[in-house]
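Participant:
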Amino acid sequence: MNSTSLEVRVGGAALLICAAKEHKVPTMDALDGTPRGFAEKTAFQGGEFEVPDPATVLGGTVALWLLSIISSFYVKNKHTVVEAGALEALCEKLANYTSNPRAEFEDTEGIWISALLLAILFQDANVVSAPPTMRIIHSLALILRSEEVIDWYFASQAMASLVCNGTKGLNLSIANLGAVSGLISLIGHIESDMPNIVNLSEEFSLVRNPDQVVLEHLFEIEDVRVGSTARKNIPLLVDLLRPMPDRPGAPPTAVHLLTRIADGSDANKLIMAEAGALDALTKYLSLGPQDLTEATISELLRILFTNPDLLRYEAAISSLNQLIAVLRLGSRSARLSAARAFHELFDAENIRGSDLAKQAVQPLVDMLEAALEIEQNAALIGLIKLTSGNPVKSALMADVDGNPLESLYKILSSTSSLEMKTKL
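Quick note on numbering: UniProt numbering labels position 412 of the sequence shown as 412, and the sequence is numbered without any gaps.
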């Protein structure tokens, strides 16, 4: 590694990579015993890192690989690599790439490996707080728009490490740089398109779905969740609700993120409705999604219907049919969410008085026999809202299968809470 010959140094680094791949612990321990200058000489001296001729490009690529392996093993190795100037060098490399047309940039392969190294280094909060980080974030946001799958994947990995180990202010900066729209465009691609890349990321202890991790962290911030960033990107998430055979993971992730964005913001709920979320969610339910997704969709509909303006949408009435189906055939958590969605829907007279609403009586009565008080309570509130002040609806209780009065008597004579019994 101390040879004056570039070819010899590249070969030595390649041999170390092979050794580290098969015998990681002894190799890292051996390197740990070498002089401190080893990491510096691996990539950041001798002008090898940026000079665009084939030999030095290969040298830079091999060096990046070796640094990635070294940095992933010990925390102190990350610090050594950073102290050797890694962040500054990587920042310059990515800035050159994002500011020049691809045809003018020689070392395109080194971009994703650079992003991989950053993802590993940013697993340490002290590295995240280093001065070059803000400039690196700008380049990473641009790389998310790359046509090269492997480039944007590892750029998103670097961002995932940043948001997991950075401050709220840093995460706000990521959101304000426009990274959210780029990350949304990646949802669902990763596991279906890149199994080998996902396996590689797991070797370096990186997250499995970096796009989702970053978006979840960003939308935890209230300023992002209720601000212009969320408003601009809601239509993109709603678009992901439609069936996508090539991106099967996209719709469930979109439902999860929309639920987070909708909760507590009537403005966001209205934007979702205007973007077609009610129709899309109803159609999604009709496809019979997995239990967890079915429950999340039902919960999202409940949250949306807490905005009374949405109850006037035609799609609100059409959602009744699918929610009734969930109430009959869904999992326990899905049934509970569907029953709670009815609480909001039955606040609207036009929905409460519809013929379709009558079909909710039987499954709600059946739910009174549930083992858990929380389910009984949800069913009871739904029945009260549906039948209160409406003799026709109340009469339906006499025609259902089972014995509602017996169910109510059991609740009264049970150890159920006083609050629930007073509703009877």
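For each residue, glycine too, the CB sits at the ideal point set by N, CA and C. Since the model is a prediction, treat every value here as computed from it, not as a measurement.
For Gln123, does the count of other Cβ atoms within 10 angstroms reach 16, so buried, or fall short, so exposed?
Facilitator: By the 10 Å Cβ count, Gln123 comes out buried.
Participant: Nearest CA to the CA of Ala160: which residue from Leu241, Leu206, Ser68 and Leu240?
Facilitator: It is Leu206 whose Cα lies nearest to the Cα of Ala160.
Participant: How far does the alpha helix (DSSP H) with Ala348 in it reach, from first residue to last?
Facilitator: Unbroken run through Ala348: none, as it is neither H nor E.
Participant: Closest by CA to Leu258, which one among Glu220, Leu287, Ile111 and Gly353?
Facilitator: Answer by Cα proximity: Glu220.
Participant: Grouping DSSP H, G and I as helix and E and B as strand, with all else coil, what is Ala160?
Facilitator: Three-state result, Ala160: helix.
Participant: How many angstroms separate the CA atom of Lys269 from the CA atom of Asp279?
Facilitator: Rounded to the nearest angstrom, the two C-alpha atoms are 14 Å apart.
Participant: Using only the alpha-carbon positions, how far apart do Ala63 and Arg135 sit?
Facilitator: Cα to Cα, the separation comes out at about 23 Å.
Participant: According to DSSP, is Tyr97 helix, strand or coil?
Facilitator: DSSP places Tyr97 in helix when its eight states are reduced to three.
Participant: Using C-beta distances below 6 Å, list every residue in its chain close to Ser286, excluding the 5 sequence neighbours before and after it, in chain order.
Facilitator: Around Ser286: Gln322.
Participant: With burial defined as no fewer than 16 other Cβ atoms inside 10 Å of the residue's Cβ, what is the status of Gln376: buried or exposed?
Facilitator: Buried, since its Cβ has 16 or more Cβ neighbours within 10 Å.
Participant: Can you tell me the Cα-Cα spacing of Thr133 and Ile271, whole angstroms?
Facilitator: If you take the alpha carbons of Thr133 and Ile271, they lie about 34 Å apart.
Participant: Classify Asp401 as helix, strand or coil using the three-state DSSP reduction.
Facilitator: Coil.
Participant: Please classify Gly389: is it buried, with 16 or more other beta-carbons within 10 angstroms of its beta-carbon, or exposed?
Facilitator: It counts as exposed.
Participant: Nearest to Asn96 by CA position, among Val81, His79 and Ser114, is which residue?
Facilitator: Minimum Cα distance to Asn96 is reached at Ser114.
Participant: At what residues does the alpha helix (DSSP H) containing Met367 begin and finish?
Facilitator: Taken as a continuous stretch (DSSP letters only), the alpha helix (DSSP H) holding Met367 covers Val361 to Met367.
Participant: Considering just the uninterrupted stretch of the alpha helix (DSSP H) at Gln376, what are its terminal residues?
Facilitator: Counting along the chain, the alpha helix (DSSP H) containing Gln376 begins and ends at Glu373 to Thr387.
Participant: For Pro363 and Ile324, I'd like the C-alpha separation in whole angstroms.
Facilitator: Cα to Cα, the separation comes out at about 7 Å.
Participant: Count the other C-beta atoms from every protein chain shown that fall within 10 angstroms of the C-beta of Lys168, then say buried if there are 16 or more, exposed otherwise.
Facilitator: The residue in question, Lys168, is exposed, as its Cβ has fewer than 16 Cβ neighbours within 10 Å.
Participant: Tell me, to the nearest whole angstrom, how far the beta carbon of Arg247 is from that of Gly188; I am working on the premise that it is less than 8 Å.
Facilitator: Contact flag correct, Cβ pair sits at about 3 Å.
Participant: Does the distance from the CB of Ala125 to the CB of Asn171 come in under 8 Å?
Facilitator: Taking 8 Å as the Cβ cut-off, Ala125 and Asn171 do not qualify as a contacting pair.
Participant: Using the Cβ count rule (16 or more neighbours within 10 Å means buried), how would you classify Arg208?
Facilitator: With fewer than 16 other Cβ atoms within 10 Å, it is exposed.
Participant: Please specify which runs of the alpha helix (DSSP H), each continuous and at least 4 residues long, are wholly inside the region 239–313, giving them in chain order.
Facilitator: Within the region 239–313, the complete alpha helix (DSSP H) runs of at least 4 residues are 250–262, 266–274, 277–286 and 291–305.
Participant: Please classify Met194: does DSSP put it in a helix, a strand, or coil?
Facilitator: Of the three classes helix, strand and coil, the one that applies to Met194 here is coil, per DSSP.
Participant: One question on the structure: do Ala316 and Phe305 come within less than 8 Å of each other, judged by their Cβ atoms?
Facilitator: Yes; because the gap between Cβ atoms is below 8 Å, this pair is in contact.
Participant: Run the CB neighbour count on Asp355, radius 10 Å, all protein chains shown included, and call it buried at 16 or more, exposed below.
Facilitator: So Asp355 counts as exposed.
Participant: Can you list, in chain order, the residues of its chain whose CB lies under 6 Å from that of Ser333, leaving out five sequence neighbours each side?
Facilitator: These residues qualify, in order along the chain: Ala295.
Participant: Quick one: what's got a C-beta closer than 6 Å to Ser139's C-beta in the same chain, skipping five residues either side?
Facilitator: The answer, listed in chain order, is Leu94, Ala95 and Thr98.
Participant: What does the alpha-carbon distance come out to for the pair Gly276 and Arg335?
Facilitator: So the alpha carbons of these two residues sit roughly 24 Å apart.
Participant: Here's a check: name, in chain order, each residue in its chain whose Cβ is nearer than 7 Å to the Cβ of Gly178, leaving out the five neighbours to either side.
Facilitator: Ala141, listed in sequence order.
Participant: Which ranges does the alpha helix (DSSP H) cover as unbroken runs of at least 4 residues, wholly within the region 109–167, from first to last along the chain?
Facilitator: Fully enclosed alpha helix (DSSP H) runs of 4 or longer: 109–121, 125–128, 133–143 and 149–165.
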